[in-house]
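Take a look at the structure set out below.
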Amino acid sequence: MIRLLGAGPALFAALVLAFAQPAAAQLPTAPPARLAPGEWPQAKSDLTPDPAVRFGALPNGMRYAIRKQTVPAGQAAFRLWFATGSMMETDEQAGLAHFLEHMAFNGSKEVKEGEMVKILERLGLAFGADTNASTGFSETIYKLDLPRTDTETVDTSLKLLREAAFNLTIDPAAVDRERGIVLSEERARDTPGYRVVVQRLNFLLKGQRLPTRLPIGKVDVLRTAPASRIADYYRNWYRPERAVFVAVGDFDVDVMEAKIKASFAGWTAKTPALPEPDQGPIAPRKAEAKLVVDPGVTQSLQVAWIAPPDTSLDTAAKRRRDLIENLGLSVLNRRYSAIARGANPPFLGAGAYKGEQDDAAEIATIGVNAESGRWREALAAAEQEQRRIVQYGVRQDELDREIEEIRANLKAAVAGAATRRPVDLAGEIVNSLADHTVVTSPADDLALFEAGVKDLKAETVNAALKDVFQGQGPLVFMASPTPIDGGEATLLAALTASQQVAVAPLAANQLVAWPYERFGSPGKVADRREVADLGATFVRFANGVRLTVKPTTFRDDEVLVRVNAGRGMLGLPANRQSPFWASNTFVEGGLAKIGVEDMERVLASKVYGGRFSISDDAYVLSGATRTGDVATQLQVLAAYLTEPGWREAALARIKAAARTIHDQYEATDNGVLSRDLPGLLRSGDRRWTFPSSEEMANARLEDIKGAIMPDLASGPVEVVIVGDITVEQAIAATAATFGALPPRPEPKPVPASARTAPFPKGSPETVTLTHKGRADQAIGFIAWPTTDYFADPQRARDTAVLREVMKLRLTDQLREAQGATYSPDVNSQHSLVWTGWGYIAASVEVPPEKLPGFFADAQKIAADLAATEIGADELARAKQPRIEGIQRARVTNGYWLGELSGAQADPRRLEVIRQIIPGTERVTAADVKRAAQTWLKPEAAYKLTVVPQAGAAAAP
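All residue numbers for the sequence shown refer to this note's numbering, where the first residue is 209 and numbers rise by one.
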């Protein structure tokens, strides 16, 4: 896996939501101070490291950080971190740091090629989910998430990470077999969004080393580099003094420390240490512009200022400087969000942020996503708002609001500190290594925050803001799906014109109050019963509202709430477009008595959530909160159920992005598949078919409201609450909100004819879709219909294991044997709602010429599974990771929130929960064969490809 800042795929939601809040910002200091190699940051800091973490070092220089965490019981997370990445490569090694990461799974002195993943699967670790690695510019991380902490699992995991550290063989034949997989990863990640990030880095960091060292590297190097060149990088940079072992989990710290020492004490560097790579100086620059045209991108602009990186030590004083600066940027981002949510906004979303780019530079940026054809307006609005806050500053009420929101979240973190997951804790430690920061406890984080904001005045923040947007520049970067008349000169002229416009102070907001504290007299409980074996309580109020409560101790001070109302997709006509694509309109439209901006402001001291989606059998409102804010959380959701605001501006933002949304989907094979597959797998049912850009642009709010509101107003309501709460607390909070609503009519049974969503019939013909990406990018997809879950629950569990076996086989054949693809996928579904609907499917991303081979391989594997029982080892490697994954999920609140939803209306769902583990444990090789014989019939297969359009861009 590759880690590249900002290189992730653009998501649909990102087009219609404002930019995220800024990451931790930093102020330049001089002279710079650096830690010595292998030195912990706390050695030169006044900050106290988290006392729950044991920090240490071996005589060879390797460091370790160990933390005991008994929740969940019996789990652990291991991380092996190296202070090396693509920045350390020579020109001839471009991409080999990442290639080496692949080779860590492909043979060592004590583990032969192809065995490492199988060993872990037998222990219950799934490849990808629990066994992974990543390479960035300056770090490489190996990750193992252990489902158990018994001696065998711990010792085997330590052994395998030790092998990766200093015992890899890097066999030339294995390297040649892996080339296709690495090239497949390069092919899959070459999206419009990635290309824009690369171009932006080259523009902003012109003349520096970093843009020339992208982790994926150069295709010609990946194709031709000999194994010896990878081995050279391995010997030079995988060194004990550049490594840190992180272990968090349910184990004895003394025992774990001894095991780490025994595993790694014999590791010695094989070559003299090389000097750190020189990032190169930041070039002196004035105003410049860069325009990148790519048909698959959102029209977006960034204005950036480049300064030397801040290499000062992590101290309390530095954190206070960062906090003050961040508070100012948070206010600016809040202003951007308010503009984007207004009527006819000048941009779809905007944001300001400042941070380090891998010790190469400190970059301050304002960025904006523009509606097609309105980029001048967007740039001007974002630039002028940034200049307004620098010139006139923030108001004290704005500052206090940000302080309250951060304080609420930090307090929630303190309350939940004891029950953080090992994976999350290990991630915090690893992140601190790359950032050169001290690992501090949530309690200390809160104390530092309170000290930093004590008596903090707006004037102090305003003084800091004047120094944020400083450095070389401004540098204007624009990505556009179409050319701009005049090109880069036009961009600079537009920025200059905006800078000449005078700005005025922002008017103060009117004070508002939260208007949804009372919904009537608290409802009376009409019925209550316990589901003792699952630890759940079922309640029915007199008005017909149902409540399901499951108190847990999984996460301290965490409570999850889900409200299911109406019938969702089940209640919509099959021949009409459903409003699923515009679901964000519902929440962003606010409430009848208060807009979403004012709601966020008045509830800044509360922790709550507000999400809306459409499931198969309900409209879903949900949120995550803390125990003390459950009443507010239920008030928010009850208000959305009864009085949604339905503001036109929320829909207008999505409509404005309609063409861009489709352009982004059509730019890649994966985009086209994700957009079109849901409708295709239901034989063109309009409820799941994504609307065209014209349908989106012409959508009317009254039509969306008309489709949803009747069901919300009169349909059945079920509230599910899971987490750190008592049953009585949940009943009281629900009685005061949903229980106080007017009575709901008894829901009528859904006719059997309405529960149909037919799977497409099998055919020897292949459905072909096209995309606008590279000529060597294509997807093959093959699916066999199964049936719904309740038709045969045990057969559904058999089929889930069959799915895992198919994935093992496809991975062995297409990835390991052929090197044809980075990650073949197999998935299956068995509906709990739609009668007879289910499938098992395989898909792969390969060059178009390899699609026939994929279909042949998939069908051969299917035929083999139907003809011959699998062996005991293959069965274990398929079952064990699945069982362990379910067991780990069952100690999370999210699992129970989802599994208990709908259980009162359909008690069969309780048996789904009860039988999932014992039913999976019962699956035999004969069961897998029978499932294959039942479903994997050649004549039933539905085949689909997504291939490049004619004239597609050639591969590099």
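Just so it is clear, CB atoms sit at the ideal spot from N, CA and C, and this is done for glycine as well.
Here the structure is a predicted model, which means the values were calculated and not measured.
- By the neighbour-count criterion, in which a residue is buried when 16 or more other Cβ atoms sit within 10 angstroms of its Cβ, E902 is exposed.
- R529 and A621 have their C-alpha atoms roughly 22 Å apart.
- In the three-state DSSP reduction, G1102 falls in the helix class (H, G or I).
- Within the same chain, Cβ atoms closer than 8 Å to the Cβ of I611 are found at L535, V661, L664, the five residues on either side in sequence being excluded.
- Taken in chain order, the unbroken stretches of beta strand (DSSP E) that lie wholly in the segment 339-392 and span 3 residues or more are 339-343, 348-354.
- In this structure the segment 309-323 does not touch the segment 515-524; the number of beta carbon pairs closer than 8 Å is below three.
- DSSP places R609 in the uninterrupted alpha helix (DSSP H) bounded by 604-623.
- Separation of A1008 and P1126 (C-alpha to C-alpha, rounded to the nearest whole angstrom) is 13 Å.
- Listed in chain order, the non-local C-beta contacts of L422 below 6 Å within the same chain number zero, local neighbours out to five positions each way being set aside.
- With three or more CB-CB distances shorter than 8 Å, the segment 668-686 counts as touching the segment 564-577.
- Fewer than three pairs of CB atoms, one per stretch, sit closer than 8 Å, so the segment 813-831 makes no contact with the segment 547-566.
- In the pairwise beta carbon analysis, the segment 953-965 is classified as not touching the segment 1118-1138: fewer than three pairs are separated by under 8 Å.
- Here D735 is exposed. Its C-beta has fewer than 16 other C-beta atoms within 10 Å.
- The DSSP-derived three-state label of S813 is coil.
- For R330, the enclosing alpha helix (DSSP H) starts and ends at 324-330.
- Secondary structure note for R736: its beta strand (DSSP E) is the uninterrupted segment 733-739.
- Its Cα nearest to that of A477, the residue R447 stands out among S882, R447, D877, D1072.
- For the pair A750 and Q1037, the Cα-to-Cα distance works out to about 36 Å.
- Separation of Q718 and S520 (C-alpha to C-alpha, rounded to the nearest whole angstrom) is 42 Å.
- Shortest Cα-Cα distance from E321 to any of A382, D632, D765, E926 involves A382.
- In this structure, the straight-line span from the alpha carbon of A812 to that of V804 is close to 12 Å.
- F989 sits in a strand when the DSSP states are folded into three classes.
- Counting other Cβ atoms within 10 Å of its Cβ, V576 reaches 16 or more and is therefore classed as buried.
- Contact annotation: the segment 829-842 does not touch the segment 361-368, with fewer than three C-beta pairs closer than 8 Å.
- A451 has F290 as its beta-bridge partners, per DSSP.
- G931 is bridged by DSSP to P759, V767.
- Restricted to the segment 1085-1164, the alpha helix (DSSP H) segments that are unbroken, complete and at least 4 residues in length are 1101-1108, 1116-1129, 1133-1143, listed in chain order.
- Checking the DSSP bridge columns, you'll see E570 partnered with A515, E564.
- V1013: member of the alpha helix (DSSP H) spanning 1001-1018, first to last residue.
- Excluding sequence positions up to five before and after L1016, its CB lies within less than 7 Å of the CB of E1082, R1085, A1086, all in the same chain and listed in chain order.
- Residue environment analysis places P691 among the exposed positions, since fewer than 16 neighbouring C-beta atoms fall within 10 angstroms of its C-beta.
- Membership of V1034 in any alpha helix (DSSP H) is not indicated; the residue belongs instead to the beta strand (DSSP E) covering 1033-1038.
- Counting the other Cβ atoms within 10 Å of the Cβ of P267 gives fewer than 16, which makes it exposed.
- Secondary structure at A651: helix, using DSSP grouped into helix, strand and coil.
- When rounded, the separation of the alpha-carbon atoms in S342 and V928 is 37 Å.
- Under the 8 Å Cβ criterion, the segment 972-982 counts as touching the segment 869-876, having at least three qualifying pairs.
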